[in-house]
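As numbered in UniProt numbering, residues 1 to 118 make up the sequence shown, in order.
C-beta: ideal position from N, C-alpha, C; glycine also.
Nothing here was measured: the structure is a model prediction, and the numbers come from that model.
Comments concern the structure below.
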Amino acid sequence: DDDDDDEHYSDEEEEEEDEEALEEREAAAPEAPVDAETLDTPSNQEMSASCPICMEPFRNTASSGVRVARVLPCGHLVCTQCAGELLRNKMRTHLSRHPCVTCRQRVFWTGLPECKTV
1 DDDDDDEHYS DEEEEEEDEE ALEEREAAAP EAPVDAETLD TPSNQEMSAS
51 CPICMEPFRN TASSGVRVAR VLPCGHLVCT QCAGELLRNK MRTHLSRHPC
101 VTCRQRVFWT GLPECKTV
């Protein structure tokens with residue numbers, strides 16, 4: 001009889017579970033922009049050693065090139081070059097709001113602050 005119950009597991013029930021999981025992820029996402037100064041925790045430093053798009057290591061000063069870490073409103077980091085390329089691509093399609101490559105939260109890619117702790 002347990003096998004029969006599994007067979008009757010509807011697409012509707014599956015969609016409800018998917019919606020609940022999405023709501024939980026959205027509830028866990030920060031609402032307000034994250035300040036660059038709050039990102040100096042060890043876990044963030046370890047995770048953010050390189051850009052998640054190009055995989056190049058971040059540089060800690062603008063004079064060392066375009067790989068300076070930029071802080072997205074969701075708190076994740078990308079390098080200046082990749083943020084600029086994404087923005088240019090989106091501006092061609094008249095979009096400046098695009099999902100974060102790490103958490104998929106939609107963020108504005110303009111005016112991103114520099115992260116001084118990486």
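Q: Grab the span of the beta strand (DSSP E) containing leucine 77 for me, first residue to last.
A: Unbroken beta strand (DSSP E) run through leucine 77: 77-79.
Q | When Leu87, Pro52, Glu56 and Gly75 are compared against arginine 67, the one with the closest alpha-carbon | A | Of the listed residues, the one whose Cα sits closest to arginine 67 is Glu56.
Q. So, using beta-carbon positions, are cysteine 51 and valine 78 closer together than 8 Å?
A. In contact: cysteine 51 and valine 78 (Cβ atoms closer than 8 Å).
Q | Where the beta strand (DSSP E) through methionine 107 begins and ends | A | The sequence given here has valine at residue 107, not methionine. For valine 107, the uninterrupted beta strand (DSSP E) segment begins and ends at 106-108.
Q. Who are the near neighbours of isoleucine 53 in its chain, counting only those whose CB is closer than 7 Å to its CB and skipping five residues on each side?
A. Here the set comprises Val78, Cys82 and Val101.
Q) Can you round the beta-carbon distance between histidine 76 and leucine 86 to whole angstroms, since I take them to be within the 8 Å contact cut? A) Rounded, the Cβ-Cβ distance is 13 Å, inconsistent with contact.
(Q) Give me the residue from Pro113, Pro73, Phe58 and Ala69 with the minimum Cα distance to arginine 106. (A) Cα-wise, what sits closest to arginine 106 is Pro73.
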